[in-house]
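K.L.:
Just add 259 to the spot in the sequence shown (first one is 1) and you have my numbering. Think of the CB as a built atom: it goes at the ideal place given N, C-alpha and C, for glycine as much as any other residue. So that we are looking at the same thing, I have put the structure below in structure tokens.
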Amino acid sequence: MASVARFQVNVPIWDQWDFFNPLFNGEGSLALFNYQHGPHRQGLAFIFSSWIMNASHWDSRIESLWMIAILAATAVFALGLKRKLSGRLELADTLIPLLILTLAQWGSVISVPNASHSVFPLLLIVLSAHIWISTKSAIRLPASGALATFSIFTGFGIFNGVVLTALLSGTLLHAALRRQKIELSWAFLGLAITVIGWTLFLRGYRFNPASDGYHFPHTPLFDYTRFLALMLVHPAGGDHTATIFEQLAGGVLLAACAVVFFVAATRGFRNDTQSRRNEAIVLLLGSGLAFAAFTAVGRIHLGITAGMASRYVTLLIPLWLGLYFWGASQTRPALKYATVLLVGLVAILPFTHMLQRPVATWPGTAGLTHSSLAALTASTDEKIAWVSAFLRTGDFQQTDSSVGRLIHPDGESIALGHKLAWLKTRNLSFFAISTRPDSWQPWWPENRTAWLLTHESEGHERWMADNSTLWIQSEHDGFINFQVVQSSPHLPSDSQIEISHRNITAREHTGFLRDIISLPISRGEQWLALRSTHGSAPASPPADNRFISFRLTDAWITRQPAGVEWITTSSAPPALTWVPLYRWRIASGFHGWERPALFGWSDAHLKLEIDSKDPIFLNVRIDKRYNPVARGPILLRQQDRVLEIPANITATPLAFSIAIHGSPSPQPLEIENPAGAASPLQTEGKADTRPLAIRFSQLSISTTPLFPMLPTAP
């Protein structure tokens, strides 16, 4: 619930604009039940969700809470199922609610809520297992047929319908062979209900994989196994890296599920209590494995990591329940504890990520990996930014143009303007009448930022093209901080970035953009615009045809500047411009920073230019010198002064700070290696032709020294 309060915005998003069509059209319950979205129908859950939507004036936050209520009910039923299967509850059973209420499924509950997709089907699967272990055939078999029909129509519960159909067929066959007339009659009735359900489902059904590029089969075939392994390890904290360890760990989970499924299946259909318990485990594992296999077939063309998505986590939960229930029922301690430990790791490992984050960020984020938290935060911030921009313009196309297509990728094709007008006329969703203008935002207020109109995030950085916008919402006066970490190598050397905030604009040359930029902001919502004065250039065609200009870090809000504070000044009264308190650049002699180790080589003469009216400090860390020229002192030339670092103190690594006096004009500074520079091509026969002298791991400017001070030359 804390996660909903922090991250859910009251606005329909992406697929919701499509599968809400029957609601926009005012259609009845039958149309809602039968509505097909992608490869599945919406079914029973869609009817219930429509009641929740109407009662809450289409409040997406209430919709998410409704889905949490479904998950909570599922957890209660799952605990009851465990008690039925083993006769009692144990301390280890606390894993059950952890598995079912995991935040790893945030995509289904918060990002794009749809109870029909997987949350309600999960409830149907657990209820089906409950019913299946009943000792009364007159209840168990017809009720299973009804649950199969509801499952077939409700999202990816269709796989529960498949397994129930198989179980009913097996029961019918077993009863016929044993001439158990009463069991046969009820099994026939249950199967007949299921067949009617399948018949109604297939009427008018159109297969729709809902993914461009789908094809079958995919080659190499082993990719399907890798896909499944990564999909299964994702709920345990797997993070889209597809490492060998992740694939092996996922392979262990996949093998465990397959083996237990086979063992339980071979011990079923014996018409006794233990047999039905095994069949219930088959139901749980079979539903999860069928869903995973279907996902692999339908999404493998997107890559082997495409299954590592939060929206798939919910319908993997039956796998963990099936494994856990089977393991808990074993009499051999080694087998029991190994299975429980395996499931326990899936449940608990995601919570270890929060230990690496500040305690203040824990509410609503327990169980989220760092990348999932970043993705959820970005999703929330982008929703708020889009709605805020739309409420100012009243035109979705203009909003899409200014901040990006953040709530639907193709609003024109779905008549988004008409649907927004429909909501506004009825005071629904973010148009609901309220005394607070921001009442549609998450209930939990906090500082938020979002880069808009940039390329996809790469960790904590992203490239912009010609323009970008930073949306800011601050709960207090303070500073917005970000860094321009790189410019396109294909831009001219005199390229500049233009920064506009509060109708005040500044331009800065690429070379001077070395430190964190800290701009003062006020409480409330505001926008900051960036523009490349020389446009953008192709990144690296033909492999990467994106047009890029500057690479930006995530932005964050603080009460005090986290980097170089920028202030306003009158460059040409009455016009104002932003200027940094100090600036500096590497003028020449540097070959650039190399990632991920983050070091950089200079040649024999590294020239800096430092511009500050107040005293500041240059901080230098030298890792080593290139061995062929690692002799003699290092010289620092500052205007008419020369500071010599004698050879006897050049042991590496060497770190020092030097005072830079304030000056009304930029000051040059040079770090020289008198022994010169040499290229690896000349000295070692390598392909590197760069002249190398000194390797730096830090060059920075600060208002206080970061390292021991070098004595100042007279």
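1) By how many angstroms is the C-alpha of residue 900 removed from the C-alpha of residue 972?
2) Looking at the strands, I want to know which residues DSSP matches up with residue 849.
3) Can you give the Cα-Cα distance for residue 965 and residue 489, rounded to whole angstroms?
4) Assess, as a yes-or-no matter, whether the stretch 688-705 is touched by the stretch 713-720 under the definition of 3 or more beta carbon pairs within less than 8 Å.
5) Assuming residue 308 is part of the alpha helix (DSSP H), what are its boundary residues?
6) Report buried or exposed for residue 432, applying the criterion of at least 16 other Cβ atoms within 10 angstroms of its Cβ.
7) Which of helix, strand or coil does DSSP assign to residue 440?
8) Report back the beta-carbon spacing between residue 817 and residue 827 to the nearest angstrom; my notes put them in contact at under 8 Å.
9) Do residue 298 and residue 469 have their C-beta atoms closer together than 8 Å?
10) On the CB-based measure, 16 or more other CB atoms within 10 Å of its CB, does residue 334 come out buried or exposed?
11) Quick check on this structure: which residue in 312, 288, 290, 260 has the alpha carbon closest to the alpha carbon of residue 275?
12) State the Cα-Cα distance for the pair residue 493 and residue 567, rounded to the nearest angstrom.
13) Starting from residue 554, trace the alpha helix (DSSP H) in both directions and tell me its first and last residue.
14) For residue 723, report the span of its beta strand (DSSP E) as first-last.
15) The alpha helix (DSSP H) spanning residue 815 covers which residue range?
16) Kindly indicate the opening and closing residues of the beta strand (DSSP E) around residue 965.
17) Ordered along the chain, which non-local residues of its own chain (more than five positions away) have a Cβ less than 6 Å from that of residue 416?
18) If you drop the 5 nearest sequence neighbours on each side, which residues of the same chain put their C-beta closer than 6 Å to that of residue 754?
19) Rounding to the nearest angstrom, what Cα-Cα distance links residue 473 and residue 667 in this structure?
20) Go through its chain and collect everything with a Cβ distance to residue 367's Cβ below 8 Å, but skip five positions before and after it.
21) Could you check how far apart the C-beta atoms of residue 825 and residue 789 are, in whole angstroms? I think they sit under 8 Å.
22) Buried or exposed for residue 277, going by 16 or more other Cβ atoms inside 10 Å?
23) Can at least three beta-carbon pairs, one atom from the stretch 875-888 and one from the stretch 762-776, be found at a separation below 8 Å?
24) Going along the chain, which residues of its own chain have a beta-carbon closer than 6 Å to the beta-carbon of residue 356, five neighbours each way excluded?
25) With residue 767 as the anchor, note down where its beta strand (DSSP E) starts and where it stops.
26) Give the single residue among 412, 405, 414 whose Cα lies nearest to the Cα of residue 427.
27) Helix, strand or coil for residue 841, going by three-state DSSP, please let me know.
28) Candidates 635, 690, 623: which alpha carbon is nearest residue 653's?
29) Measuring alpha carbon to alpha carbon, tell me which residue in 731, 742, 967, 724 is nearest residue 749.
30) Is the CB-CB distance between residue 947 and residue 938 below 8 Å?
31) Touch check for the stretch 290-309 and the stretch 393-400: three-plus C-beta pairs under 8 Å?
32) Taking Cβ positions, are residue 365 and residue 635 nearer each other than 8 Å?
33) Between the stretch 845-864 and the stretch 806-815, are three or more C-beta pairs nearer than 8 Å?
34) Compute the Euclidean distance between the alpha carbons of residue 932 and residue 897, then round it to the nearest angstrom.
P.N.:
In short, the structure shows the following:
1) At residue 972, the pLDDT of 45 sits below 50, so the modelled position is not reliable and the matter cannot be decided from this model.
2) 861
3) 44 Å
4) no
5) 302-314
6) exposed
7) helix
8) Contact doesn't hold; Cβ gap of about 19 Å is too wide.
9) yes
10) buried
11) 312
12) 5 Å
13) 532-558
14) 720-733
15) Segment 815-817 is the beta strand (DSSP E) holding residue 815; no alpha helix (DSSP H) there.
16) Looking at the DSSP string, residue 965 is not in any beta strand (DSSP E), and its letter there is neither H nor E.
17) 380, 383, 410
18) 769, 793
19) 21 Å
20) 326, 373, 376, 377, 378, 569, 570, 572, 573
21) Contact doesn't hold; Cβ gap of about 13 Å is too wide.
22) exposed
23) no
24) 334
25) 763-768
26) 405
27) strand
28) 690
29) 724
30) yes
31) no
32) yes
33) no
34) 15 Å
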